[in-house]
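Asker: Positions 23 to 154 (the numbering used here) are the ones given, in order, by the sequence shown.
Every residue gets a Cβ at the ideal spot worked out from N, C-alpha and C, and that includes glycine.
Note that the structure is predicted; figures quoted are calculated from it, not measured.
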Amino acid sequence: MTEEAETDGEEAATDGEDAATDGGDEVLRASDLGGEGPPIEEKPYKIVFEANKCFGAGKCAEVADNWVMDVVSGMAKPKTYYVGEDDLDENVRAAEACPAKKEAGVIHVVDRRTDEEVAPDPHGDGTLSVDW
Ligand code: SF4
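#1: For residue 124, tell me which candidate among 137, 132, 142 and 112 has the shortest Cα-Cα distance.
#2: Please report the distance separating the alpha-carbon of residue 150 from that of residue 50.
#3: Going by alpha carbons, who is nearest to residue 96 out of 55, 65 and 74?
#4: Using the C-alpha atoms, what's the distance from residue 104 back to residue 65?
#5: Can the beta-carbon of residue 70 be found closer than 8 angstroms to that of residue 98?
#6: Is the CB-CB distance between residue 83 and residue 90 below 8 angstroms?
#7: Residue range of the beta strand (DSSP E) that residue 98 falls in?
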């Protein structure tokens with residue numbers, strides 16, 4: 023992909039500079055992650071979980087039925103990655119309660135219709151706040 027961008031010439035180079043200003047990485051969209059999942063009408067939200075940054079604090083499992091602690095790994099995991107309107111609130115609570123990454127959180131709730139992060143949204147602009 024990078025090679026293609028380079029052969030695209032100046033426009034691509036400008037995009038590269040913009041990306042560098044944002045921290046040097048290409049912008050990762052939530053829709054780039056995970057599989058197709060169930061129909062969006064049924065489950066308009068999905069979870070993006072930075073499992074490698076979870077340190078097992080367990081706050082998520084305290085506030086949301088969708089989050090459980092794995093006894094083997096000691097880390098959290100969601101029962102489901104695709105969420106309907108009924109289960110949105112508890113997953114938002116889990117995302118906001120997670121203290122990992124200096125309180126920024128490693129549970130991300132994304133609106134699949136707009137590809138925007140609903141919670142925790144530390145940037146306040148709906149961009150996906152993962153650090154991969
Ligand atoms: S609250 Fe965050 S750090 Fe704690 S177990 Fe849940 S996902 Fe992991």
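Answerer: In terms of the structure at hand:
#1: Selection 137, 132, 142 and 112 evaluated against residue 124 yields 142 as nearest (Cα-Cα).
#2: Using only the alpha carbons, I get a separation of about 7 angstroms.
#3: When only C-alpha atoms are compared, the closest one is 74.
#4: Between residue 65 and residue 104, the C-alpha separation is close to 6 angstroms.
#5: No, the Cβ-Cβ distance between residue 70 and residue 98 is not below 8 angstroms.
#6: Closer than 8 angstroms, so yes.
#7: Segment 98–100, the beta strand (DSSP E) holding residue 98.
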